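**Student:** In UniProt numbering, the protein residues as written are 1 to 593.
Here it is, the structure in full.
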Amino acid sequence: MAAERLPGTSAAEQLPPAFPERAAWGTAGKLRAWQAEALEQYFRDQPKDFLAVATPGAGKTTFALRVAAELLAQRVVNRVTVVAPTEHLKVQWADSASRVGIKLDPHFKNAQGKHAPGYHGVAITYAQVAAKPVLHHNRTAAGRTLVILDEVHHGGDALSWGDAVREAFGPAVRRLSLTGTPFRSDTSPIPFVTYAPDENGIRTSVADYSYGYGRALKDSVVRPVLFLAYAGAMSWRTRAGDEMSHVLGEETTKDINSQAWRTALDPGGDWIPAVLKAADRRLTEVRRTVHDAGGLVIATDQDNARAYAKVLRELTGEAPTVVLSDEAGASARIEEFQNSTDRWMVAVRMVSEGVDVPRLCVGVYATSSATPLFFAQAIGRFVRARKRGETASVFLPSVPILLALANTMEVERDHALDRPKNEDENDVVVFDDQAMEQANREEGASDQLGSFEALGAEALFDRVLFDGGEFGTGGAIGSEDELDFIGIPGLLEPDQVHELLRTQQARQAKRKTDAVPPAPEPEISELDHRAMKEERNQLQSLVGAWSRRTGTPHATVHVELRKACGGPAVAQATQVQIQARIKKLQGWFVGKK
Numbered sequence: 001m002a003a004e005r006l007p008g009t010s011a012a013e014q015l016p017p018a019f020p021e022r023a024a025w026g027t028a029g030k031l032r033a034w035q036a037e038a039l040e041q042y043f044r045d046q047p048k049d050f051l052a053v054a055t056p057g058a059g060k061t062t063f064a065l066r067v068a069a070e071l072l073a074q075r076v077v078n079r080v081t082v083v084a085p086t087e088h089l090k091v092q093w094a095d096s097a098s099r100v101g102i103k104l105d106p107h108f109k110n111a112q113g114k115h116a117p118g119y120h121g122v123a124i125t126y127a128q129v130a131a132k133p134v135l136h137h138n139r140t141a142a143g144r145t146l147v148i149l150d151e152v153h154h155g156g157d158a159l160s161w162g163d164a165v166r167e168a169f170g171p172a173v174r175r176l177s178l179t180g181t182p183f184r185s186d187t188s189p190i191p192f193v194t195y196a197p198d199e200n201g202i203r204t205s206v207a208d209y210s211y212g213y214g215r216a217l218k219d220s221v222v223r224p225v226l227f228l229a230y231a232g233a234m235s236w237r238t239r240a241g242d243e244m245s246h247v248l249g250e251e252t253t254k255d256i257n258s259q260a261w262r263t264a265l266d267p268g269g270d271w272i273p274a275v276l277k278a279a280d281r282r283l284t285e286v287r288r289t290v291h292d293a294g295g296l297v298i299a300t301d302q303d304n305a306r307a308y309a310k311v312l313r314e315l316t317g318e319a320p321t322v323v324l325s326d327e328a329g330a331s332a333r334i335e336e337f338q339n340s341t342d343r344w345m346v347a348v349r350m351v352s353e354g355v356d357v358p359r360l361c362v363g364v365y366a367t368s369s370a371t372p373l374f375f376a377q378a379i380g381r382f383v384r385a386r387k388r389g390e391t392a393s394v395f396l397p398s399v400p401i402l403l404a405l406a407n408t409m410e411v412e413r414d415h416a417l418d419r420p421k422n423e424d425e426n427d428v429v430v431f432d433d434q435a436m437e438q439a440n441r442e443e444g445a446s447d448q449l450g451s452f453e454a455l456g457a458e459a460l461f462d463r464v465l466f467d468g469g470e471f472g473t474g475g476a477i478g479s480e481d482e483l484d485f486i487g488i489p490g491l492l493e494p495d496q497v498h499e500l501l502r503t504q505q506a507r508q509a510k511r512k513t514d515a516v517p518p519a520p521e522p523e524i525s526e527l528d529h530r531a532m533k534e535e536r537n538q539l540q541s542l543v544g545a546w547s548r549r550t551g552t553p554h555a556t557v558h559v560e561l562r563k564a565c566g567g568p569a570v571a572q573a574t575q576v577q578i579q580a581r582i583k584k585l586q587g588w589f590v591g592k593k
């Protein structure tokens, strides 16, 4: 009987750095530096457990399959099991593995007991493992098995899941854990991950190899991301019957921010249509140079996803692809969109981690999820670079927690098992997987709203966030202030993006300065009073933006402005003095301190 054919390293070398997608600029035909470095470390140390943390889009699949091919060729292992979070990712892994001669069955069911002849192994989900851990323990023990745990943080989704993963894959000869986001919002330990105390005694995850977004950005492996934030006036009726209003983006309590955010996402208001229209304009601009560029709207629940799809169809005349959940047909729809030049796809947020379409260049973050894990996974859908100069654009509500996450994209995080003793329990956000599961139940989504009623939502362009900096000082929908930023070319180097953003901000500041009305008469009329209030609000908005950009407290910014321009506190300042401070602060934003 002929020996079973094993894939060799020569087959693995045919795999592009970012397979199954197009390789990033400058990397075709060879491994990326980080992949080669990680492989060298892996085969030097020959570890039983290895955790590789690499930013979404960096090419973790390629790295893992090169490891698998080498281990099979060396006969260290004779079977492979890949564990992924979604059904779609199972198929994606099987397709990728087939290119290097590794045959994985993505349709394996627990009821089968063992995989069919002719396969080197299976691709399964964490849910399958949790359902029958003993079965997978026996499968693993029956051969010399390499287990690849993709997005391994899912292994800690629940205590029972973590126990199941440990039981199932304890007998493995080798375990390779992969993640782009090793941190979690809870303290459930991730299986087969090492934890060590940091300088504060907090036990945190320890990666064997890390390749963060910041380094990947410098290597042109991932795209830089422009975040376009939109504010606006929101009004709603509470469960108690009270009518409330708030301008999204202004400082207020967590509860009011949350309700205003929910109001903005209501498909019956004007905020969503305005932002989707702006995002579609941005997509049109990007497609001038990236002809197959696509867009993705991430919705909170299925009802909203359908409503957003309807708005896009009316805006563009083209029906978007809608992926509602990890359901039958979802993989086929994603693959069909991936291979087309269609403009838009709309997905419920649970699907975002399984959506891997490199041509996605424009996104709309139209979901209420706000934890670092989900945000990083969502933005990871847009950062996979295919050629030099591509830039991603993500539209999002001007909510403080989202702006903070956008401004810290390059921060590398680890998973902490302990809570600092002084941490306020009210500040701990529920782990995303729980929130996503709840939000994606149609009945649950409607129940959550209770008697809450969105009354009105208007959109206003707020600012652009890029590489930790903030640009722009707001503008009406469709105004030059908005269109200047939406119209930035889609193919630019990061330093060119910086320069263009500064230029656009200077143009905007000049327009606002030229539009400043003359000083009012000593007696203040009702009209002047309203103008005074608007300019005070503009000043407060600029102070808030400068505070976020520099980390300087609001009060300190006001003191610095008074020193520079003179005059009393804002409440006692004249309109001329307020205008002078606005002009001074606008100058700071463009480097005129």
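Virtual Cβ for every residue (Gly too), placed ideally from N, Cα, C.
As the structure is a prediction and not an experimental result, all values here were calculated from the model.
With DSSP as the reference, identify every bridge partner of S393, one or two as the case may be.
**Tutor:** In DSSP, S393 forms a bridge with L226, V362.
**Student:** Can you tell me the Cα-Cα spacing of residue 594 and G180, whole angstroms?
**Tutor:** Past the edges of the chain, shown from 1 to 593, lies residue 594, and the structure says nothing about it.
**Student:** Taking the alpha helix (DSSP H) that G587 belongs to, which residues open and close that run?
**Tutor:** First-last of the alpha helix (DSSP H) with G587: 575-589.
**Student:** In whole angstroms, what separates the C-alpha of K109 from that of F337?
**Tutor:** Cα to Cα, the separation comes out at about 27 Å.
**Student:** Using 8 Å as the threshold, is the C-beta distance between D150 and W93 below it?
**Tutor:** Yes, Cβ-Cβ distance for D150 and W93 is below 8 Å.
**Student:** Taking V152 as the reference, which of L71, S210, L51, R381 has the closest Cα?
**Tutor:** Per the Cα distances, L51.
**Student:** For T81, tell me which candidate among R32, R99, H137 has the shortest Cα-Cα distance.
**Tutor:** Closest option to T81, Cα to Cα, is H137.
**Student:** Can you name the start and end residues of the beta strand (DSSP E) that L455 belongs to?
**Tutor:** Element bounds for L455: 453-457.
**Student:** T140: buried (16+ other C-beta within 10 angstroms of its C-beta) or exposed?
**Tutor:** Buried, since its Cβ has 16 or more Cβ neighbours within 10 Å.
**Student:** Measuring straight from C-alpha to C-alpha, what distance separates T503 and F395?
**Tutor:** Looking at the two C-alpha atoms, the distance is approximately 21 Å.
**Student:** For the alpha helix (DSSP H) holding A142, just list the boundary residues, first then last.
**Tutor:** Careful: A142 lies outside any alpha helix (DSSP H) and carries neither H nor E.
**Student:** Consult DSSP for L465 and reduce its assignment to one of helix, strand or coil.
**Tutor:** In this structure, L465 counts as strand in the three-state DSSP scheme.
**Student:** Exposed or buried, Q579, counting other C-beta atoms within 10 Å across all chains shown (16 or more means buried)?
**Tutor:** By the neighbour-count rule (16 or more Cβ atoms within 10 Å), Q579 is buried.
**Student:** What are the partner residues of P197, as DSSP defines its beta bridges?
**Tutor:** For P197, which the question treats as bridged, DSSP gives the partners R203.
**Student:** Taking Cβ to Cβ, would you say A130 is nearer than 8 Å to W161?
**Tutor:** Yes, the Cβ-Cβ distance between A130 and W161 is below 8 Å.
**Student:** Would you please verify whether the beta carbon of K103 is less than 8 Å from any beta carbon of chain D?
**Tutor:** Structure shown: chain D not included; a single protein chain is present.
**Student:** Quick check on D356: buried or exposed, where buried means 16 or more other Cβ atoms within 10 Å of its Cβ?
**Tutor:** Counting Cβ neighbours within 10 Å, D356 comes out buried, since at least 16 surround it.
**Student:** Mark G317 as exposed unless 16 or more other C-beta atoms lie within 10 angstroms of its C-beta, in which case mark it buried.
**Tutor:** That one is exposed.
**Student:** Nearest CA to the CA of K243: which residue from A127, G490, Q540, L455?
**Tutor:** The residue asked about is misnamed: residue 243 is Glu in this sequence, not Lys. For the residues A127, G490, Q540, L455, the minimum Cα distance to E243 belongs to L455.
**Student:** Determine the contact status of P372 and L405, defining contact as a CB-CB distance below 8 Å.
**Tutor:** Against a cut-off of 8 Å, the Cβ pair of L405 and P372 comes out as a contact.
**Student:** Just checking, does the region 226-236 make contact with the region 195-210 on the three C-beta pairs under 8 Å criterion?
**Tutor:** Judged by Cβ distances under 8 Å, the region 226-236 makes no contact with the region 195-210, as fewer than three pairs qualify.
**Student:** Around the C-beta of G468, are 16 or more other C-beta atoms found within 10 angstroms, so that it is buried, or is it exposed?
**Tutor:** So G468 counts as exposed.
**Student:** Within 8 Å, do at least three Cβ pairs link the region 71-90 to the region 207-225?
**Tutor:** No: the two stretches stay apart, fewer than three of their Cβ pairs being nearer than 8 Å.
**Student:** How many angstroms separate the CA atom of A69 from the CA atom of V134?
**Tutor:** Each residue's alpha carbon lies about 27 Å from the other.
**Student:** Could you compute how far the alpha carbon of E480 sits from the alpha carbon of I298?
**Tutor:** So the two alpha carbons sit approximately 27 Å from each other.
**Student:** For L492, which three-state DSSP category applies?
**Tutor:** In the structure shown, L492 sits in coil (DSSP, three-state: anything other than H, G, I, E or B).
**Student:** If you check the beta carbons only, do D78 and R144 fall under 8 Å apart?
**Tutor:** According to the sequence as given, residue 78 is Asn; it is not Asp. Taking 8 Å as the Cβ cut-off, N78 and R144 qualify as a contacting pair.
**Student:** Residues in the same chain with beta-carbon distance under 7 Å from A36, minus the five sequence neighbours each way, listed in chain order, please.
**Tutor:** Around A36: no qualifying Cβ.
**Student:** With a threshold of 7 Å on Cβ separation, who are the neighbours of P267 within its own chain once the five nearest residues in sequence on each side are excluded?
**Tutor:** If we look at P267 and ignore the five residues flanking it on each side, its Cβ neighbours are N304, A307, Y308, V311.
**Student:** Report the rounded CA-to-CA distance for G389 versus V348, giving the unit in angstroms.
**Tutor:** Approximately 29 Å between the Cα atoms of the pair.
**Student:** What residue range does the beta strand (DSSP E) around D45 cover?
**Tutor:** Looking at the DSSP string, D45 is not in any beta strand (DSSP E); the run it does join, the alpha helix (DSSP H), is 33-45.
**Student:** On the three-state DSSP scale, how would you describe Y119?
**Tutor:** Residue state, collapsed to three classes: coil.
**Student:** Per DSSP, what are the beta-bridge partners of A231 in this structure?
**Tutor:** DSSP output for A231 lists L460 as bridge partner(s).
**Student:** Can you list, in chain order, the residues of its chain with a C-beta nearer than 8 Å to that of residue 594? Leave out the 5 residues immediately preceding and following it.
**Tutor:** Residue 594 lies beyond the residue range present for the chain, which begins at 1 and ends at 593; the question has no answer from this structure.
**Student:** Would a C-beta distance cut-off of 8 Å place P189 and V165 closer than the cut-off?
**Tutor:** For P189 and V165, no; Cβs fall outside 8 Å.
**Student:** Please classify L402: does DSSP put it in a helix, a strand, or coil?
**Tutor:** Here L402 sits in helix by DSSP.
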